Structure formats: structure tokens, C-alpha cells
Amino acid sequence: MTRFLQIVGSIGVAVALTLGTALITGAHVDPTKACAVDSSGRHGGGHS
Amino acid sequence: MTDWIGQLSGGQVTSVKVVLTSILAVLAIYQVCLASIFYGKVRVPFLAGRVAAITHRSSGDAIFVVIVLIGLMCVSGYEVRDAIEHRGARVAAHVVISTLLVVVLSAKIIVLRFGRTRASRFLPYIGSSVFLLLLGSWATSSLFFLR
């Protein structure tokens, strides 16, 4: 039981880190630097 | 492939990549923490080494899938050769580091699945290389797009 809780907890930490990072970085992406998709489907203006 | 990735990301390929690579960078730090526990370098009362190893392996499998997905987004969504020629040292460094990341990560998986005890001795070094390359890949791409 303890081992099961440890597995759930450690994977839960990974999930929490994922969601937290997504929320924080999603709010801080600079859309003026991000590239737009042109009509050909290719991206211009930068590379990430 | 380009259309599919464009639809999948709602036309915001770069923004999606920035978020995904930032998540990977944070998870890479978590992976190092887990590795420190199951190699016995750090002892914590609430997490056994065996459990840390299981979580490290399962998270690592998920991370590998996302890295491959991001790589496909890069190759299909950008003119890599043009980017290297016209976008300067940052992009060139990003391409080199990211290519090395895929190679070293693949080597790690091969050693994990098929390696014997002698090869397994190198896993901490390969893992550290993967961690540094992942952070390098993030620093040369996503960091530029964050404010």
C-alpha cells in the first residue's frame, strides 16, 4: 500500500509540474516573437 | 504532416513548442532528482529508491515520446536549412544540440533495453548528457520566446 501511494505521489508530482509549467509558460509566450503559419503551411519569422 | 501539426497546434506551432519544451525542461530537473534518489546520492524518507526508479523510467518514456513529437514539429514545420543559414548562431546551436539530444537519448534507451552490466555503468553519464542537452535545447529556443 505504501509503495502504491509512493508511485501515485511521485507520478502526481510529475503531472503537477507539467500542468504548472504549462500554465506559467502559456501566459508568458511572447506572441510577437512567435511565428505565424503562412499560406504554404511553412513558418517564418523565427525558429524555436 | 505539416497540415496535421498545424491543425493539432491550432496554427500556433511555436507557442505549443515553447510550452512543451518548457515542460520537458522542468521534468528533466525532476528526473535528475529521482535519479539522485535511486542511485542513493540523496535519501528521502517518503520515497524509496525502487519507486523513484519506476517513476523515472515511466516519466522518461513519456518525455521521449514528446521529444520525438517536438522534433517532428521542427522538421516538418520549419525550413531547417534556411533557418541555419539565415537565423544566426542561436538557431544553428539549437539544431546541433537538439540533434545530439535525440542521438544520446536513443543511445540511452538502447543501453537500457539491451545493454549489459558493463554498458549500464555509463548510464549516469549518458543521463547527465541528456539532461544538459535538453536544457541547452530549451535555452537556445524557448527561452528566446518567453517574456
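Protein sequences appear in the order of chains A and B. Under my numbering, the residue at position 31 of the first sequence is numbered 31, and the numbers go up by one with no gaps. Under my numbering, the residue at position 47 of the second sequence is numbered 1047, and the numbers go up by one with no gaps. The beta carbon of each residue, even a glycine, is placed where N, CA and C say it ideally should be. For clarity, every value in this text was computed on a predicted model and none was experimentally measured.
- Under the three-state reduction of DSSP output, B:V1042 falls in the coil class, being neither helix nor strand.
- For the region 3–16 of chain A, the residues whose beta carbon sits under 9 Å from a beta carbon of chain B are, in order, R3, Q6, I7, G9, S10, I11, V13, A14.
- Assignment of beta-bridge partners to A:V29 by DSSP yields B:L1146.
- As summarised for the region 1088–1127 of chain B, the continuous alpha helix (DSSP H) elements at least 4 residues long and confined to that stretch are 1089–1114, 1117–1120, given in chain order.
- For B:T1002, the enclosing alpha helix (DSSP H) has its first and last residue at 1002–1008.
- Distance from B:W1138 to B:T1021 at the Cβ level is roughly 5 Å; contact confirmed, criterion being Cβ atoms closer than 8 Å.
- Proximity to B:R1121 across B:K1108, B:L1132, B:F1131 peaks at B:K1108, based on C-alpha coordinates.
- Taking C-alpha positions only, B:K1041 is separated from B:V1075 by approximately 38 Å.
- Judged by DSSP secondary structure, B:A1048 falls outside any alpha helix (DSSP H); it is assigned neither H nor E.
- About 6 Å separates the beta carbons of B:V1044 and B:I1037, which is inside the 8 Å limit, making them a contact pair.
- Pairing B:H1094 with B:S1058 gives a Cβ-Cβ distance that is not under 7 Å.
- Contact between B:I1126 and B:V1102 is ruled out by a C-beta separation of about 13 Å, above the 8 Å threshold.
- By the CB criterion at 7 Å, B:L1034 and B:A1048 fall outside the cutoff.
- In this structure B:I1029 is exposed. Its beta-carbon is surrounded by fewer than 16 other beta-carbon atoms within 10 angstroms.
- Chain A places no beta carbon closer than 7 Å to that of B:R1121, leaving this residue out of the contacts.
- When DSSP states are grouped into helix, strand and coil, A:Q6 belongs to the helix group.
- Counting only residues of its own chain and dropping the five nearest sequence neighbours on each side, B:H1056 has a CB closer than 8 Å to the CB of Q1031, L1034, A1035, F1038.
- Per DSSP, B:E1079 lies in no alpha helix (DSSP H) and is assigned neither H nor E.
- Taking 7 Å as the threshold, the shortest C-beta distance from A:A27 to chain B does not fall below it.
- At least one CB atom of chain A sits nearer than 7 Å to the CB of B:I1023.
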